[in-house]
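Residues are numbered in the working numbering as their position in the sequence shown, beginning at 1, plus a constant of 528. Glycine residues also receive a C-beta, built at the ideal position from the N, C-alpha and C atoms. Take a look at the structure below.
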Amino acid sequence: MSVDSTVVLETRELVTGYGELEILHGVSVSVCSGEMVAVIGPNGAGKSTLLKGIFGLLPVQSGAVLLGGADVTGKPPDRLVQNGLSYVPQVENVFPSLTIQENLEMGAFIRRNGVRERIDEVFRLFPDLAKRKGENTGKLSGGQRQMLALARGLMLDPKILLLDEPSAGLSPKLVSAIFERINVVNKAGTAVLLVEQNAREALSLCRRGYVLAMGRNRLEGEASNLLNNEEVGRLYLGA
Ligand SMILES: Nc1ncnc2c1ncn2[C@@H]1O[C@H](COP(=O)(O)OP(=O)(O)OP(=O)(O)O)[C@@H](O)[C@H]1O
Ligand SMILES: [Mg+2]
529 MSVDSTVVLE
539 TRELVTGYGE
549 LEILHGVSVS
559 VCSGEMVAVI
569 GPNGAGKSTL
579 LKGIFGLLPV
589 QSGAVLLGGA
599 DVTGKPPDRL
609 VQNGLSYVPQ
619 VENVFPSLTI
629 QENLEMGAFI
639 RRNGVRERID
649 EVFRLFPDLA
659 KRKGENTGKL
669 SGGQRQMLAL
679 ARGLMLDPKI
689 LLLDEPSAGL
699 SPKLVSAIFE
709 RINVVNKAGT
719 AVLLVEQNAR
729 EALSLCRRGY
739 VLAMGRNRLE
749 GEASNLLNNE
759 EVGRLYLGA
């Protein structure tokens with residue numbers, strides 16, 4: 529599926545944080561249908577906070593979140609999930625005491641039927657997980673765990689997937705492997721908002737990107753332009 533100009537997800541001047549503490553001071557991002565968009569920025573910039581704010585996990589102080597053109601600001605995660613949004617957190621993104629198969633079943637919790645068929649489809653994308661489906665998740669390596677988290681995020685066949693640092697802590701070979709899977713998922717039609725520390729790889733994969741710093745939009749544009757941007761190169765690409 530190709531990218532079209534229909535905006536599937538948008539934040540408008542989103543202001544959110546933790547309790548009284550304001551972390552995002554008005555962040556605006558958008559993702560078109562079928563598009564893959566990167567969010568990069570230094571530690572503490574507010575990247576994870578942005579995804580949590582979009583997914584209804586933090587109180588929105590002002591601004592808006594739009595999903596498929598509808599205002600979903602302040603809506604709880606279960607409502608957003610029903611409307612085609614999926615979120616894979618940076619940490620604690622699988623249930624370690626359950627098997628691989630059970631994790632996928634949990635990922636389909638609101639699905640009334642077709643769970644088995646969807647598990648089969650997801651296993652076709654992740655054959656290594658299929659081979660080990662009865663094993664406890666606690667035994668998986670970091671790379672396999674991230675694959676499972678990604679697989680679980682696909683169980684409801686979302687229109688858009690929020691991914692928070694899927695490559696964190698992985699060896700270069702596994703970083704490539706997880707990005708390759710994300711690319712396959714995107715090419716099959718799922719839009720992706722990808723938060724990443726691996727800025728070069730993320731921008732290479734994505735069509736557009738945003739740079740956040742200190743809770744604000746700092747730069748945005750075509751990923752290829754950001755890759756060539758002097759400030760991005762100096763600060764995030766180790767140029
Ligand atoms: N639960 C929390 N309670 C209070 N402050 C928090 C909480 N989580 C994050 N923060 C603060 O919010 C700011 C942004 O954090 P956030 O996790 O969004 O950054 P990030 O860009 O995802 O960083 P990283 O690259 O390290 O994952 C930081 O100053 C952080 O200390
Ligand atoms: Mg983070």
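Check your understanding: Got a sec: does ligand 2 put a non-hydrogen atom nearer than 7 Å to the Cβ of ASP685?
Key -> Locating residue 685 in the sequence shown gives position 157, counting from the first residue. No heavy atom of ligand 2 is found nearer than 7 Å to the CB of ASP685.
Exercise for review: Counting only the same chain and skipping the five closest in sequence on each side, list residues whose C-beta sits under 6 Å from that of ARG728.
Suggested key: Locating residue 728 in the sequence shown gives position 200, counting from the first residue. Only LEU765 meet the Cβ criterion.
Review point. Do the segment 581 to 590 and the segment 598 to 609 touch if we need at least three Cβ pairs shorter than 8 Å?
Key: Yes: at least three Cβ pairs fall under 8 Å.
**Study point:** Complete alpha helix (DSSP H) runs within the segment 681 to 755 (minimum length 4 residues, chain order)
**Key:** With a minimum length of 4 residues, the continuous alpha helix (DSSP H) runs that stay inside the segment 681 to 755 are 700 to 715, 727 to 733, 751 to 755.
Exercise for review: May I ask which residues mark the beginning and end of the beta strand (DSSP E) holding SER590?
Suggested key: Taking the first residue of the sequence shown as position 1, residue 590 is located at position 62. Looking at the DSSP string, the run of the beta strand (DSSP E) that includes SER590 is 588 to 595.
Check your understanding: Is the beta carbon of ILE638 sitting closer than 8 Å to the one on ASP606?
Key -> Looking up residue 638 in the sequence shown gives position 110. Looking up residue 606 in the sequence shown gives position 78. Cβ atoms of ILE638 and ASP606: closer than 8 Å.
**Study point:** Distance between VAL559 and LEU594 (C-alpha atoms, nearest Å)
**Key:** Residue 594 sits at position 66 when you count from the first residue of the sequence shown. Residue 559 sits at position 31 when you count from the first residue of the sequence shown. Across the structure, LEU594 and VAL559 are spaced so that their CA atoms are roughly 10 Å apart.
Point to revise | CB-CB length for ALA719 against VAL536, believed under 8 Å | key: Stepping through the sequence shown from its first residue, residue 719 is reached at position 191. Stepping through the sequence shown from its first residue, residue 536 is reached at position 8. At roughly 5 Å, the Cβ-Cβ gap stays under 8 Å, so ALA719 and VAL536 are in contact.
Point to revise | Beta-carbon contacts of VAL635 that lie in its chain and below 8 Å, excluding the five residues immediately before and after | key: Along the sequence shown, one-based indexing puts residue 635 at 107. Per the sequence presented here, residue 635 reads as Gly, with Val not at that position. Excluding sequence neighbours, GLY635 sits near ALA679, ARG680, GLY681, LEU682, MET683, LEU684.
Review point. Are the beta-carbon atoms belonging to GLU541 and GLN589 less than 8 Å from one another?
Key: The residue you call residue 541 lines up with position 13 of the sequence shown. The residue you call residue 589 lines up with position 61 of the sequence shown. When the beta-carbon positions are compared, GLU541 and GLN589 stay at least 8 Å from each other.
Point to revise | First through last residue of the beta strand (DSSP E) which encompasses GLY554 | key: Sequence index remark: in the sequence shown, residue 554 carries index 26 (1-based). 549 to 560 is the span of the beta strand (DSSP E), which, as asked, contains GLY554.
Review point. Considering only residues of the same chain and omitting the five flanking positions on each side of LEU740, which have a CB-CB separation below 8 Å?
Key: Taking the first residue of the sequence shown as 1, we reach residue 740 at position 212. Within its own chain, the residues whose Cβ lies closer than 8 Å to the Cβ of LEU740, once the five positions on either side in sequence are excluded, are VAL555, VAL567, ILE568, GLY569, ALA573, GLY574, LYS575, LEU578, ARG746, listed in chain order.
Review point. Tell me which same chain residues have a C-beta within less than 7 Å of the C-beta of LEU676, skipping the five on either side of it?
Key: Your numbering for residue 676 matches position 148 in the sequence shown. Excluding its 5 nearest sequence neighbours in each direction, LEU676 has C-beta neighbours in its own chain below 7 Å: VAL622, ILE628, ASN631, LEU657, THR665, LEU668, listed in chain order.
Review point. What is the rounded straight-line gap between the Cα of GLY612 and the Cα of ILE688?
Key: Counted from its first residue, the sequence shown places residue 612 at position 84. Counted from its first residue, the sequence shown places residue 688 at position 160. Straight-line measurement puts the Cα of ILE688 at about 6 Å from the Cα of GLY612.
**Study point:** PRO700 and ILE710 closer than 8 Å at C-beta
**Key:** The residue labelled residue 700 in the question sits at position 172 within the sequence shown. The residue labelled residue 710 in the question sits at position 182 within the sequence shown. No, Cβ-Cβ distance for PRO700 and ILE710 is not below 8 Å.
Review point. So, using beta-carbon positions, are GLN618 and ALA730 closer together than 8 Å?
Key: Numbered from 1 along the sequence shown, position 90 holds the residue referred to as residue 618. Numbered from 1 along the sequence shown, position 202 holds the residue referred to as residue 730. No; because the gap between Cβ atoms is not below 8 Å, this pair is not in contact.
**Study point:** Span separating the alpha-carbon of ILE706 from that of VAL712
**Key:** As a working mapping, residue 706 is identified with position 178 in the sequence shown. As a working mapping, residue 712 is identified with position 184 in the sequence shown. So the two alpha carbons sit approximately 10 Å from each other.
Point to revise | VAL543 - partner residues in DSSP beta bridges | key: As a working mapping, residue 543 is identified with position 15 in the sequence shown. When DSSP reads this structure, VAL543 sits in a beta bridge with HIS553, SER590.
Check your understanding: Cβ of GLN618 versus every heavy atom of ligand 2: is any distance shorter than 7 Å?
Key -> Taking the sequence shown and counting its residues from 1, one reaches residue 618 at position 90. Yes, ligand 2 has a heavy atom inside 7 Å of this Cβ.
Point to revise | CA-to-CA distance, GLY749 to LEU733, given in whole angstroms | key: Mapped onto the sequence shown, residue 733 falls at position 205. Mapped onto the sequence shown, residue 749 falls at position 221. In this structure, the alpha-carbon of LEU733 lies about 14 Å from that of GLY749.
Point to revise | Cα-Cα separation, ALA598 to ASN641 | key: The sequence position of residue 598 within the sequence shown is 70, counting from 1. The sequence position of residue 641 within the sequence shown is 113, counting from 1. Cα to Cα, ALA598 sits roughly 26 Å from ASN641.
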